[in-house]
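For what it's worth, the working numbering labels the leading residue of the sequence shown as 562, then goes sequentially. All C-beta atoms in this analysis are idealised placements derived from N, C-alpha and C, irrespective of residue type, glycine included. Fair warning: this is a prediction, and the values are worked out from it, not measured in the lab. Quick notes on the structure that follows.
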Amino acid sequence: MDQTESQSGHKWEGKVSTRVAKASADQIWPLFVDFFNLHKWFPGLSDCYGIHGKNGEPGCVRYCAGFSISSEGTSDPGENRPIKWSKERLVGVDPPGRSLNYEMVDSNNGFTSYASTVRVIPGDGDGEGGCTIEWSFTVDPVEGWVLEDLVRKYEVGLQGMGRKMEDSISVM
C-alpha cells in the first residue's frame, strides 16, 4: 500500500496491489479489458455496462453502480445506504504492457478529477508464475474521507476482485 499527498495538498495519490498465484497475467488481463463488465469481479458493484463506444476501446464510457465497500471489507447494502454510481471513460489501453487507464467523468460519490491506472504484472518473468494486479489512482481530496481509509478501501476491493478472478480461471 502506497499513499502520498502532493505538497500543495491538492491531489491524493494511492497505489494498491494484490498477488494472484493461480492465474497468469495473460489470463487476468482480458478480464480488465472487458471494461463494461467490472461488476463480475468488483465486490459491491451490482451494475456495470457500456453507455458509449465499443467495449475495451479508448473513449468508451461505462456506468457503474453499487454499494460502496468499507475499508473493513464489508459491502452490506443496508436499508438506508445510498447506491453509489459513476461514469468512467477508458482513456488508454496498452496490451503489451497489460495496462489501462481511465477517468471518472461523473459520479455521486464525491470524487473529482479522478484518474486511475490498472496494470497486470507477470510473475516469474514468463507469465506462468501467477501475476500481480496493481491499481493506482489520483483524486482531489474527498470530503468526509482521509486518504488512508480510501487507500484501504481500494486494497480491500482489489483483494476481493483478485480472488474472484483467480477462482473463475481455476474452474475453466
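Nearest to G611 by C-alpha distance, out of C621, G605, W696, F603, is C621. When rounded, the separation of the alpha-carbon atoms in D667 and F698 is 16 Å. Put simply, the backbone Cα of Y663 is about 5 Å away from that of V652. Rounded to the nearest whole angstrom, the C-alpha separation of L708 and V700 is 10 Å. In the DSSP annotation of this structure, the continuous segment of the alpha helix (DSSP H) that includes D710 starts and ends at 708-731.
Between S585 and P683, the alpha-carbon positions lie close to 7 Å from each other. Cα atoms of P604 and L711: separation of roughly 15 Å, rounded to the nearest angstrom.
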